[in-house]
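Notes follow once the structure below has been shown.
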Amino acid sequence: MVLYVIFTSVCFGTSAKFLISVECQHAVGVIGRTTKISCSIKTTFGSDQKIIISAASATKRGETDPVFWFQNDVVKGDHRFKLASKNDPSLLLTDTAVSDEGQYDYTAVTNRGIIKDATFRISVKAKYNPPSISTWPVKIVEGGPADFYCNSSGGYPAGAIHWFDSTNTNWTMSATLEVTEREDQLLEMSSKLTFTSIDSSWEPIRCVVLNSKFVKEGESTIHLMRIDECPSLHPSSPHLSMGMVTLGSCTAAPEHPILLVNVFLWKIQLQFQ
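Just so we're aligned: the sequence shown equals residues -16 to -1, 1 to 257 in mature numbering (1 follows the signal peptide of the UniProt record, and there is no 0).
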């Protein structure tokens, strides 16, 4: 919304009406950097009539007090805001933060009148850090279950994480995404992709981080660590657990009764040591 201020001057008995307003562009700021809110003065009189801004204030929607105001070169409120110049209603915001996002009402006092209820909006963004990717278990069993994890943080606003295999098949529909807010209001995205039966021909697996505009900001690739041989049945082997033995691409099961008996006897022996 732009409010027009009409004022009248009388010259030689003739009345002339002048129209003045401020129009601001939507500003998109980057976290931690300086954001410029570009504004311009629109008038119906000639450009030869210089306009000087003597006071201005900006109030965020939903708040009662201005976030900043200045008069006669004295600035109060949030000192990250400042007027570009006395002849330019544009504003500069240093060290932009997530909390700055929102709609603002803008008032300016000029030598040609008071301009009320001009508005501008600030949106903020931050690029996500390169993602990290991992699996559980660390060593994958061919044909067995596997979980893939992809994490990326420090971005804003919320985006997405997509998953692809070596054939560029998109597995994202099989994944779950969790977005959490950090203390600095930036976000962390964590995605989990679960396979009930993994095929090593799908490797490498990629996770791709997308921003809120679905533009890629980073990706990470992982090659599967496979167990290719049956492990030793030494009692200290970490592969012995609850009577089941992970044997690379084979798992001891009821069709291996002798192996299961040996494991069972070994576990009984441990209990009596």
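Don't be surprised by glycine CBs; every beta carbon is placed ideally from N, CA and C.
| Query | Result |
| --- | --- |
| Span of the beta strand (DSSP E), counted from its first residue to its last, around T153 | First-last for T153: undefined, no H or E at that position. |
| Helix, strand or coil at S184 [DSSP, three-state] | helix |
| Cβ neighbours of G143 in the same chain (closer than 6 Å, five flanking residues each side left out) | L194, N195, S196 |
| Neighbourhood of G202 by C-beta distance below 7 Å, restricted to the same chain and skipping five residues each side | Y112, P114, P115, S136, V193 |
| Contact between the stretch 33 to 50 and the stretch 87 to 107 (3+ Cβ pairs under 8 Å) | yes |
| Between the CA atoms of T160 and F52 - distance to the nearest angstrom | 42 Å |
| Coil, strand or helix - D84 by DSSP | helix |
| Short Cβ contact (7 Å threshold) for I4 with T19 | no |
| Cα-Cα separation between K60 and S74, rounded to whole angstroms | 17 Å |
| I181 versus E85: straight-line alpha-carbon distance, rounded | Sequence inspection shows Ser at residue 181; the Ile mentioned does not correspond to that position. Taking the straight line joining both Cα atoms gives about 45 Å. |
| Pair within 7 Å by beta-carbon distance, I117 and I206 | yes |
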